[in-house]
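Participant: Can you keep this structure in mind? I'll have questions shortly.
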Amino acid sequence: MGKQWLRFVLSCALLTLVTSALAQGTVSNFQPVTDEVLLSPDDGDWIHSRRTYNGWGHSPLDQINRENVGELTLAWARVMQPGSNESTPIVYNGVMYLGQAGNTVQALDAATGDLIWEYRREIPQLDQTTIAALSDTMRSVAIYEDKIYFLSSDAYVVALDARTGQLVWEASVGDPRVVGQTAGPLIVNGKVISGRACDPALPGGCYITAHDSESGEELWRTFLIARPGEAGGDTWGDLPLESRFHVGAWGNVGAYDPELGLVFWGTSVPAPSPEVLRGTPGDPVLYSNSTLAIDVDTGEIVWYYQHLPRDNWDFDHPYERMIMDIEVAPNPDEVPWINPNVVPGQVYKTLTNIPGKTGVIYSLDRETGEFLWARPTVRQNVITEIRGDGTVIVNEDVIPDAIGEPYGLVCPTALGGRDWMAGAYNPDTNAIYQSLHNLCMEPEWQTDEWVPEDLYGISLDPFLAPGEENVGTLQAYSASTGELLWKYEQPAAFMPVLSTGGGLIFVGDVNRRFRAFDAATGEVLWETILGSVVSGHPVTYEVDGVQYVAVSAGGGIGIEGTYLAAAGLTAPSGGNMIYVFKLP
Amino acid sequence: MRDLTPARRFGTWLSFILAFVVLAAPHAAAQPGAGVPQVQPEFVEQFRRTAGDTITVCVNSESLLSGFEMDVARAVGQALLLNVEIVEIRGVRAPPVLDYTLGVNQSELFVLLNNDCHALAGFLLSETREVPWLTVSRPYAALSFAFATRLPNVRSLTDLPPGASVGTRIGSSADIAFAQYLESLPVERRLRRVPYPNNRLLLDRLESGEVDAILIWEPALHFGLAGGPTDNGLTVLDPGPVRLPEQRFGFALLSRESFLRSALDEALNLLIAEGVIDGLLGSHAIPGRAAR
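Take a look at the structure:
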């Protein structure tokens, strides 16, 4: 008994030591983040994953601008945890909250990078070998009131004390070996809303959840696969629910319209990819590859629009959505698919951006889900037509009728088009900016059983699209007319995009380059070379009157090697680091 | 202990060579580059530990075959006069229930073989997948699938009436073979294929009558039902025109382990020739045979 007691006392002491070691300091003068702040953040803060609820990835800051961006210099840099690095720093009132691999969140002095506190989550059930950490991705965290929220790799929604980094609450959302969480949460009206991916080991598909921001209580759960007997339930043929898998919401955080009380979230693909293997030939399989308009209070799906029915190619659509009230006037010379009822020049409440891997731009009426217009960007051959009512017609020539039948050439690829690298919208140029890839593939059937990552049932090795010379293509389109404004192409694939009021577009690439482009012309105005793949989401913020631009590099995203190989390049992966720049 | 005398004779000289190789070759871990999955270097151990006369074998602890795999690894060690350290592992992702798969992707498998073990047992050999950094031993066990039903007076797949429902584990090689067979039939003569994500659901849905028959991995049919199929009133069907695929299991290793792979092959040849593998399959009640 005495030994046991001694062990207990020692354990408590050790726990105290460890806990205090992880929470080194306190954020001083912390001001709680109110609903009003989330709706209208200070110009100097980057407070949501895409800075604002509208998903633009744009900051009005203009201290760094076209004229002086060439003078940018390194302000500070700091090592991050090893692992997949697609991080988006959240910056509020001079403090950077940096979620990163290893289920780690740090509060840093945003002007110096000095550590204020660190929270590192122990994941005992996944710690048997190194392999559990390889795919550990935290694309963003969120802030509300006095808490920081993130999604952990052991399938929890977690709330930390924003002042100290101490755990406040945690809520399980499923089996960590079935559920994958990479995107991050969105906080709306005191609800922590989050999406995720689910393996086929969880029959019935995945879900978006809302948790009470104070208590962690789960308030609603919206499943992303239509149930038999419910609306859309017959779009999976006669498959039982337990044989409908994988549709999730893993990509980027959705957008929120406070006027409509709706969040707009994108969904991913069903599995396996070939519909003849899935058992759903000819069926659209809702709500895969869709935009969902979800009532914030109830989780009810108010409307949906399916961008790509009958997925046979792993062409996900779970990326950010952009809200903009703009004149809609698609130019028929460049935009092949237009709703004939659109009144050119009329201002619509739209969702306009590239939501999925096809690379197709869509503009939808976000009040109703009505289709307005769409256009392709990079080469694609899976959509042959989008009718005036928005019905998407897929190319039967790239859908095998029988198991083992060759696919032939399919463009783009399962890497996109676009992938999770968020785009941006600049209201000054009324343009959307997106990293895209000139890639195609010839899917090959998997005819044996190997590993569960082959859940798609086909191999999807990409190659440079025929007739193209560069994998990487950064493109700017008018959000109103759909016209291509400019594009910049190079062998290396581009990564996430930042837009600023200084008339600048910041974007990195897999070949270590981080650049500033003129938002109006696409001219390269500044370039620096970082340590490895510039895979993080760049942000900008202001502290004490000084504007900073931050981006993390390191890679570990699992696909940089594929991008590089397709472009004939080599570049290192690893050495995760955040780099922060300012004017001299 | 089994009589492994012939194998021991083989192993006596081999063990000296192998021990030298394992002990004296602190070869650097494979660097990311041509033919190797891109993994951040922080996750890749750069130097192999000296192992003396011990080989480390990873076994998927969630596989229905795990007990058998461990015994095969130990038998190989006896044949080579080497110590075998068994490392029980689990995949990052949950495997299908009543199955053998390990939930890892290529990068994870590479790191596993680089950091944690010399060889992974129970690896399904593939004829269509070739990755330059991976090599496999000769197969040591061959397992298959079976159709089963509760319907009376049904002895063969061809006895099932058109439209009868057959549950399958989606994506299994047998599922693909069955689907291809159905596609070869006129629509009006086809059975209805109902894909399920795991073997447990197949057994449950057959029990509840939601499907008329199932196509299932044979070990799952035997281990998923206490007493096996016959005691549970199931009939194992003649597959008729469906050619059910055979799965062959072996060891996976990094390509640089070519000497160890050769040694494993030689040891497995002996174990199979002496009936040791068949004996282990029998002692674990696994329906299957040693791979010839």
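Heads up: the protein sequence lines correspond to chains A and B, in order. Per our numbering: the first sequence = residues 1 to 584. Per our numbering: the second sequence = residues 1 to 292. All C-beta atoms in this analysis are idealised placements derived from N, C-alpha and C, irrespective of residue type, glycine included. Keep in mind that this is a model prediction, so the values were computed, not measured.
(1) According to DSSP, what are the bridge partners of Lys191 of chain A?
(2) Step through the CB atoms of chain B and report whether any lies within less than 8 Å of the CB of Ser135 of chain A.
(3) Taking Cβ positions only, does Pro195 of chain B come closer than 8 Å to chain A?
(4) Taking the DSSP output, what are the residues bridged to Leu616 of chain A?
(5) Give the single residue among A:Leu530, A:Ser573 and A:Ala567 whose Cα lies nearest to the Cα of Trp76 of chain A.
(6) Ordered along the chain, which non-local residues of its own chain (more than five positions away) have a Cβ less than 6 Å from that of Gly113 of chain A?
(7) Taking Cβ to Cβ, would you say Asn592 of chain A is nearer than 8 Å to Met80 of chain A?
(8) When you compare each of A:Ala374, A:Pro318, A:Ile354 and A:Leu308 to Trp337 of chain A by their alpha carbons, which one comes out closest?
(9) Can you grab the Cα-Cα spacing for the pair Thr218 of chain B / Leu143 of chain B, in whole Å?
(10) Can you name the start and end residues of the alpha helix (DSSP H) that Pro219 of chain B belongs to?
(11) Which one of A:Gln181, A:Gln166 and A:Leu167 has the shortest CA to CA distance from Val173 of chain A?
(12) How many Å lie between Pro115 of chain B and Ile578 of chain A at the Cα?
(13) Given this structure, state the Cα-to-Cα distance separating Glu217 of chain A from Ile193 of chain A, to the nearest angstrom.
(14) So with CB distances below 9 Å, who are the chain C contacts of Phe43 of chain B?
(15) Can you round the beta-carbon distance between Ser573 of chain A and Gln38 of chain B to whole angstroms, since I take them to be within the 8 Å contact cut?
(16) Hey, is the segment 170-184 of chain B in contact with the segment 229-236 of chain A, meaning 3+ C-beta pairs nearer than 8 Å?
(17) Report the partner residues of Pro462 of chain A according to the DSSP bridge assignment.
(18) Grouping DSSP H, G and I as helix and E and B as strand, with all else coil, what is Glu320 of chain A?
(19) Could you work out which residues of chain B lie near Ile403 of chain A, taking near to mean beta carbons separated by less than 8 Å?
(20) According to DSSP, is Arg289 of chain B helix, strand or coil?
(21) Quick check: does the Cβ of Ile323 of chain A come within less than 7 Å of any heavy atom belonging to the ligand GTP?
(22) What do you get for Gly224 of chain B, buried or exposed, if any count of 16 or more other CB atoms within 10 angstroms of its CB means buried?
(23) To which residues of the same chain is Ala75 of chain B closer than 6 Å at the C-beta, ignoring the five residues directly before and after it?
(24) For Met586 of chain A, which beta-bridge partners are listed by DSSP?
(25) With 8 Å set as the bound, which would you pick, yes or no: does the beta-carbon of Phe245 of chain A sit closer than that to a beta-carbon of chain B?
(26) Determine the chain A residues that contact Gln46 of chain B at a beta-carbon separation under 8 Å, and present them in chain order.
(27) Return the first residue and the last residue of the beta strand (DSSP E) that Asp518 of chain A is part of.
(28) At 4 residues or longer, what runs of the alpha helix (DSSP H) sit wholly inside the segment 32-92 of chain B?
(29) Quick one: does Gly171 of chain B have its CB under 8 Å from some CB of chain A?
(30) Ignore the nearest five residues each way along the sequence and tell me which others in Ala350 of chain B's own chain have a CB closer than 8 Å to its CB.
(31) Taking beta-carbon pairs under 8 Å, can you tell me which members of the segment 259-293 of chain A lie near chain B?
(32) From the DSSP output, which residues share a beta bridge with Trp313 of chain A?
(33) I'd like to know if Ala201 of chain A contacts chain B, where contact means its C-beta is closer than 8 Å to some C-beta of that chain.
(34) With 8 Å as the threshold, decide whether the Cβ of Gly163 of chain B is near any Cβ in chain A.
(35) I want to verify the contact list: residues of chain B whose CB lies under 7 Å from the CB of Gly482 of chain A, in sequence order.
(36) Distance check for Cys440 of chain A and Leu280 of chain B, CA to CA, integer angstroms please.
Facilitator: Taking the structure as given:
(1) A:Val188 and A:Asp212
(2) Yes - at least one Cβ of chain B is within 8 Å of the one on Ser135 of chain A.
(3) yes
(4) An answer regarding residue 616 of chain A cannot be provided, because it is not within the stretch 1 to 584 covered by chain A.
(5) Selected option, being the one with the closest Cα: A:Leu530.
(6) Cβ within range, chain order: Trp76 and Arg78.
(7) With chain A covering only 1 through 584, there is no way to say anything about residue 592 of chain A.
(8) When only C-alpha atoms are compared, the closest one is A:Ala374.
(9) Per the sequence presented here, residue 218 of chain B reads as Glu, with Thr not at that position. The straight-line gap from Cα to Cα measures roughly 7 Å.
(10) Glu218 to Phe223
(11) From the listed residues A:Gln181, A:Gln166 and A:Leu167, the smallest Cα separation to Val173 of chain A is found for A:Gln181.
(12) Looking at the sequence shown, residue 115 of chain B is not Pro but Asn. Going from the Cα of Asn115 of chain B to the Cα of Ile578 of chain A covers about 28 Å.
(13) Distance from the CA atom of Glu217 of chain A to the CA atom of Ile193 of chain A, rounded to whole angstroms, is 12 Å.
(14) Of the chains in the structure shown, none is chain C; the protein chains are A and B.
(15) 5 Å
(16) no
(17) A:Met441
(18) Correct three-state label for Glu320 of chain A: coil.
(19) Ile176, Ala179, Gln180 and Glu183
(20) strand
(21) In the structure on display, the ligand GTP does not appear, and there are no ligands present to speak of.
(22) buried
(23) Setting aside the 5 residues that flank it on each side, Ala75 of chain B is surrounded in the same chain by Leu271 and Val276, each with a C-beta closer than 6 Å to its C-beta; the list follows chain order.
(24) Nothing in the structure corresponds to residue 586 of chain A, since chain A is present only between 1 and 584.
(25) yes
(26) By Cβ distance, chain A contributes nothing, its closest Cβ being about 12 Å from Gln46 of chain B, past 8 Å.
(27) Arg513 to Asp518
(28) 66-80
(29) Taking 8 Å as the threshold, the shortest C-beta distance from Gly171 of chain B to chain A falls below it.
(30) Residue 350 of chain B lies beyond the residue range present for chain B, which begins at 1 and ends at 292; the question has no answer from this structure.
(31) Pro272, Val276, Leu277, Arg278 and Gly279
(32) In DSSP, Trp313 of chain A forms no bridge with anything.
(33) Any Cβ of chain B closer than 8 Å to the Cβ of Ala201 of chain A would place that residue at the interface, and such an atom is present.
(34) no
(35) Near Gly482 of chain A there are no residues of chain B at all, since even the closest Cβ is about 36 Å away, more than 7 Å.
(36) Rounded to whole angstroms, Leu280 of chain B and Cys440 of chain A show a C-alpha spacing of 48 Å.
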